[in-house]
Amino acid sequence: MNAITFEILKKDTQSKARAGILHTPHGDIETPAFVAVGTKGTVKGVTVPTLRDIGLQTLIANTYHLHLQPGSSVVKAAGGLHTFMGWDGPLLTDSGGFQVFSLGVGFGKTVSKVTREELDAESKIATVFDQEVASQHGKLAQIDDEGVSFTSHLDGSLHRFTPERSVEIQHELGADMFFTFDECTAAEADHTYQQEAMHRTHRWAERSLRAHRQNIEAGTRQGIFGIVQGGRFEDLRRESARTLADMEFDGFGIGGSYQKQDLDTAVGWVTDELPENKPRHLLGIGEPEDLLKGVQQGIDLFDCVQPTRLARTGTVYGPQGKKMTLTRGEYTLDFSPIDASCECPVCRTYSRAYLSHLFRAHEMLGATLGSVHNLYYLIQLVKGERARLLNS
RNA sequence: GCGUCGGUGGCGGAGUGGUCAAUCGCACUUGGCUGUAAACCAAGCGGCUAUAUGCCUACGGGGGUUCAAAUCCCUCCCGGCGCA
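Residue numbers (this note's numbering): 7 to 398.
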């Protein structure tokens, strides 16, 4: 019996959108769904009871971070991540593959998962991907075919991740589903590099599956998701999706970086190729308009730091999902809620002026309230799309 | 009253003859944030044309020395401390 099973309830006739249910050992996830990011076993600033109150179904923690602190052995001793953090619903863990990017080529730079400006291929690739230049400028991750060596951002200690090690740690963490260790590349990477990295990620996917089979034999009931790469190139994206589709994964993550204007196109190439009967998780994407496009392209799960990170830095989703920077002068005497039509606990109780005050005063409640509102907004947004699909 | 130290941009606080429209911090203004290195980062922050090695007004008030003063001298005002 599989650890997780996926059931499609309805498919849209106008698009690739579908509504379904993902059954996990810790309960069902009604898809499409927004997944909160709880990197270190906590959605920053928000308690588990509150997460339940606002309708969160599942969240994703991170292998790299929990490995460094407190260590997967501590989590295992606690009885697994569910018990450790007090969340008894469905839980995912990410493999640490994103840290290959954020602590590697992305370290000390402003490279993002989603790039807005047109790429000046020649010049950017030269600076970003010259290994020597990169190491001179200091980065904490070094990639080779076997795995990745990380210098801990916490204490400078050296750590080694391989696909097998990531599976082992995630097995100890004990989430319901986990992702294979991959190489998340920058949008600036050229075709040659993307292809090389993609093949590496595919080899790592096979090794992860092999390692996971041993865990299954040992009695684990975790689902394993492979991650599609390929950057912004159609041939690579399709090849990656087809290659992974042929492996025995319970679901698929879609990783890597994009250009903002053709994010949904790139996602579409992938969902064209992936099997319909397995869940697709679009990794790290979560702006309102991107969620809507993702659903249209047949995405079932999204996770993103955006709602909580924006909130901690004073920005919330206002009416129609328009971003509002609460620290702007115009809100200091605005005693209306963030969004009068929002039914979240924050909008029912607090005003923009009060929140603005909390942020200006650096009161931590501001970060908490902003996070609660933003999470609620995105959860409801995707839930609304699901309802629309089921009712159509 | 005498002595002494001090008065710098919204606040705190550098600077003590030219390279000062004046270090820095806070505040303020505006951007940014998409599998969390992030309760963070960046820019701006006297005024004016806004192109600059540009012009104007500025370091308590007034006066002076000097080619040149936030910086030196005189005087007045205000504040801290000490002695009466």
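Cβ atoms here follow ideal geometry from the backbone N, Cα and C, with glycine treated the same way. Please read all numbers here as calculations on a predicted model, not as lab measurements.
For Asp345, the closest of Gly335, Thr333, Lys328, Phe156 by C-alpha to C-alpha distance is Lys328.
Cβ atoms of Val311 and Asn380 stay farther apart than 8 Å, at about 11 Å. Between the beta-carbon of Asp306 and that of Arg286 there is about 5 Å, and that keeps the pair under the 8 Å contact cut.
Bridge pairing for His208: absent [DSSP]. If you compare the alpha carbons of Phe187, Thr89, Glu36, Asn68 with that of Gln235, the shortest gap goes to Phe187. Here DSSP, grouped into helix, strand and coil, assigns His159 to coil. Under a 10 Å Cβ-count criterion, His368 is classified as exposed, with fewer than 16 other Cβ atoms of the shown protein chains found around its own Cβ. Assigned with DSSP and collapsed to three states, Ala42 falls in strand.
Between Ile66 and Leu98, the CB-CB gap stays under 8 Å. DSSP links Gly33 through a beta bridge to Thr30.
In this model, Thr48 and Asp252 are separated by some 34 Å (Cα to Cα). Here His165 is bridged, per DSSP, to Phe156. DSSP places Arg248 inside the alpha helix (DSSP H), whose first and last residues are 240-251.
As computed with DSSP, Asp309 is found in a beta bridge with Val41. A distance below 8 Å separates the beta carbons of Cys350 and Val378. Put simply, the region 197-207 touches the region 238-258. At least three CB pairs are less than 8 Å apart. Annotation for Leu371: Leu364 place their beta carbon closer than 6 Å to its own, counting only its chain and skipping 5 residues before and after.
Counting only residues of its own chain and dropping the five nearest sequence neighbours on each side, Tyr382 has a CB closer than 6 Å to the CB of Ile60, Cys350. Per DSSP, the continuous beta strand (DSSP E) segment holding Gly229 begins and ends at 229-234.
The Cβ atoms of Ala84 and Val301 do not sit closer than 8 Å to each other.
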